[in-house]
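Chains as they are written, first to last, in the working numbering: chain A, 355 to 681; chain B, 355 to 681. Ideal Cβ placement from N, Cα and C applies to all residues, glycine included. Predicted, not measured: the structure shown is a model, and the values here were computed from it. See below for the structure under consideration.
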DNA sequence: TTGTACGCGTTATCAG
DNA sequence: CTGATAACGCGTACAA
């Protein structure tokens, strides 16, 4: 930058200003500085800038898994908003481990990110301490937090699962199974099971624990869970797959075995993957506004960072049940 | 850090060393420093560290689109390797635009990332200049570059598409259509078309330009392209969908219309999505080692960054044709 | 093994 | 509108 200043015949301070607050620099200086910059091929050093100003243009994001197309929508939403404000994204993958999440949080804070987006709503004690003591704007997105660390932009896994289960009950299904993701260290999966149970009770249906399975993400596990449930419970008439692509695996298994959907068994899903409306039969599902969640998260974060807003915040972006041929 | 030093009764230099080269500090000092750190709740400032040492622990990644589960595998591979070496990932999304890629490159260089992974193998002149002048280790992964900017870890889109087309010809298909992604600003899609054409010529099949379509990514566009081709060319006996989930959309459309696959029309795909082996019929495809590409990219990048290796490099991780029921 | 002095490239502050 | 000066928090190089 000093080189640029010399070439332009001004001080480095004027160069710095020309870059950040062009209005405060004369037309003439700006012109010469622009020329010098392109002549030298100068590239600002934002590390130094952030160190000096104690502000960075980086936001951290921690997901349970990068390999999940659902999260991709959220990332895109965040990324779109940040880019238009000159901010950038640093992504970490906690692998569904709270300890790893904590490590990533320290790392991101050490990089002095100016905001944090977390998918988890459960954290280690030290993770919570780091965030609160560091007074760093944080948004949790994976579930509507009852007690947000700071801000929350999400939907309620409990309410969504309950609504879908009641929807199935209203359509006349009397013995409804649930296949969820493993609940260990996963508050979202836990809330989904709670919503399912609450709905069964409200609908006056029996809640046989044997009807509620857990399955790792994947097509194959969804198929296995379906077969297991159908063969063990002859009167089972519907299964709600509350995670990822489990429902797709189940539908494909039905195609292979010639099981009619929904007459032999109805199938419902969580999250409106594009695929679910193209597959035969099209699958009843819950639409979660993933992209919108990313967008809003980034927006509230930026408002906080730029001082346009302050204080806790809890935004429920809701969900929508989409009835199709599979139920 | 000075606070820590005071509390531990040592100089800040000793604290700095205790954090980075614990061996060079006495047992006693380390103990007291650890105590001071947890008492104060000290978090190192890596911005300052990187500025002083002129090294950063961040690697930049630029993808055409974050919303693409294929890239997710590559990201995961990169992320896994980086994490185990204490490095971290900064991700940008160029939206298939070369100009946007250039902007992201400047931004990442301004953040002083110590390495770059690019999916594109075409870049603007200024982008190339930035990378070469900045002497920053760079890996290109989206296609085997004939003239890599620096390093290349990939597979050949040309060879893969050619191999699959020849595979179809060997199985007896005589009129083979191609549906690729839009070739504008996309060197990978271009290479795939070239491979297809080369194979047709080599197999002595007619290369009717009307048989080679372009389609935006998506299930619906794949279905449309299939219908268009089949209805326009009664003698068409196979279609190769060289992109994304196009083939899945086509298979589902066949299910809906009752078109037998492969007897009425054979269908082949690019990239072994999990889905392709579960759908009915299971789809013949090319397996690209996406995760492995990410892993190796990060490895060669780290070798360069840590000085364990130098010089250009071009690693071809190949591909594999997987014959299933759809052809 | 430990400490001192200095510099990394930028921005904040205040004076001109 | 512009410039001088002092941080920002740490690492390098050398000295003790």
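Beta-carbon spacing of residue i, residue j below 9 Å
i: residue 576 of chain A; j: residue 586 of chain A; result: no
i: residue 656 of chain B; j: residue 436 of chain B; result: yes
i: residue 659 of chain A; j: residue 468 of chain A; result: yes
i: residue 627 of chain B; j: residue 419 of chain B; result: no
i: residue 545 of chain A; j: residue 474 of chain A; result: no
i: residue 644 of chain A; j: residue 428 of chain A; result: yes
i: residue 619 of chain A; j: residue 580 of chain A; result: yes
i: residue 508 of chain B; j: residue 664 of chain B; result: no
i: residue 401 of chain B; j: residue 606 of chain A; result: no
i: residue 633 of chain B; j: residue 594 of chain B; result: no
i: residue 477 of chain A; j: residue 454 of chain A; result: no
Per-residue burial, residue i [other beta carbons within 10 Å of its own, 16 or more giving buried]
i: residue 414 of chain A; result: buried
i: residue 408 of chain A; result: exposed
i: residue 558 of chain B; result: exposed
i: residue 444 of chain A; result: buried
i: residue 465 of chain A; result: buried
i: residue 504 of chain B; result: buried
i: residue 518 of chain B; result: buried
i: residue 547 of chain A; result: buried
i: residue 448 of chain A; result: buried
i: residue 501 of chain A; result: exposed
i: residue 696 of chain B; result: Residue numbering for chain B in the displayed model covers 355 to 681; residue 696 of chain B lies beyond these limits and cannot be assessed.
i: residue 674 of chain B; result: exposed
i: residue 479 of chain A; result: exposed
i: residue 666 of chain A; result: exposed
i: residue 589 of chain A; result: exposed
i: residue 378 of chain A; result: exposed
i: residue 403 of chain B; result: buried
Beta-carbon separation (whole angstroms), residue i vs residue j, contact threshold 8 Å
i: residue 506 of chain A; j: residue 494 of chain A; result: 5 Å
i: residue 598 of chain A; j: residue 528 of chain A; result: At roughly 26 Å, the Cβ-Cβ gap does not stay under 8 Å, so residue 598 of chain A and residue 528 of chain A are not in contact.
i: residue 514 of chain B; j: residue 549 of chain B; result: 7 Å
i: residue 565 of chain A; j: residue 583 of chain A; result: 7 Å
i: residue 533 of chain A; j: residue 614 of chain A; result: About 19 Å separates the two Cβ atoms, so there is no contact after all.
i: residue 462 of chain A; j: residue 452 of chain A; result: With 8 Å as the limit, residue 462 of chain A and residue 452 of chain A do not qualify as a contact, their Cβ atoms being about 15 Å apart.
i: residue 649 of chain B; j: residue 676 of chain B; result: That belief does not hold up - the Cβ atoms of residue 649 of chain B and residue 676 of chain B are roughly 21 Å apart, past 8 Å.
Length of the line joining the Cα atoms of residue i and residue j
i: residue 488 of chain A; j: residue 411 of chain B; result: 22 Å
i: residue 624 of chain A; j: residue 543 of chain A; result: 11 Å
i: residue 622 of chain A; j: residue 523 of chain A; result: 12 Å
i: residue 460 of chain A; j: residue 490 of chain A; result: 12 Å
i: residue 653 of chain B; j: residue 457 of chain A; result: 22 Å
i: residue 647 of chain A; j: residue 362 of chain A; result: 46 Å
i: residue 631 of chain B; j: residue 631 of chain A; result: 19 Å
i: residue 629 of chain A; j: residue 639 of chain A; result: 11 Å
i: residue 571 of chain B; j: residue 431 of chain A; result: 19 Å
i: residue 359 of chain B; j: residue 388 of chain B; result: 10 Å
i: residue 446 of chain B; j: residue 417 of chain B; result: 6 Å
i: residue 394 of chain B; j: residue 357 of chain B; result: 8 Å
i: residue 355 of chain B; j: residue 484 of chain A; result: 17 Å
i: residue 680 of chain A; j: residue 526 of chain A; result: 13 Å
i: residue 563 of chain A; j: residue 512 of chain A; result: 18 Å
i: residue 366 of chain B; j: residue 390 of chain B; result: 12 Å
i: residue 450 of chain A; j: residue 425 of chain B; result: 20 Å
i: residue 617 of chain B; j: residue 482 of chain A; result: 60 Å
i: residue 396 of chain B; j: residue 370 of chain B; result: 12 Å
i: residue 398 of chain B; j: residue 499 of chain B; result: 40 Å
i: residue 612 of chain A; j: residue 440 of chain A; result: 53 Å
i: residue 668 of chain B; j: residue 651 of chain B; result: 10 Å
i: residue 561 of chain A; j: residue 516 of chain A; result: 13 Å
i: residue 486 of chain B; j: residue 492 of chain B; result: 9 Å
i: residue 520 of chain B; j: residue 578 of chain B; result: 25 Å
i: residue 637 of chain A; j: residue 678 of chain B; result: 26 Å
i: residue 392 of chain B; j: residue 368 of chain B; result: 16 Å
Checklist entry - Taking contact to mean at least 3 C-beta pairs separated by less than 8 Å, is the segment 365-383 of chain B in contact with the segment 532-547 of chain A? => result no
Checklist entry - Per the contact definition of three or more C-beta pairs closer than 8 Å, is the segment 379-392 of chain B in contact with the segment 548-555 of chain A? => result no
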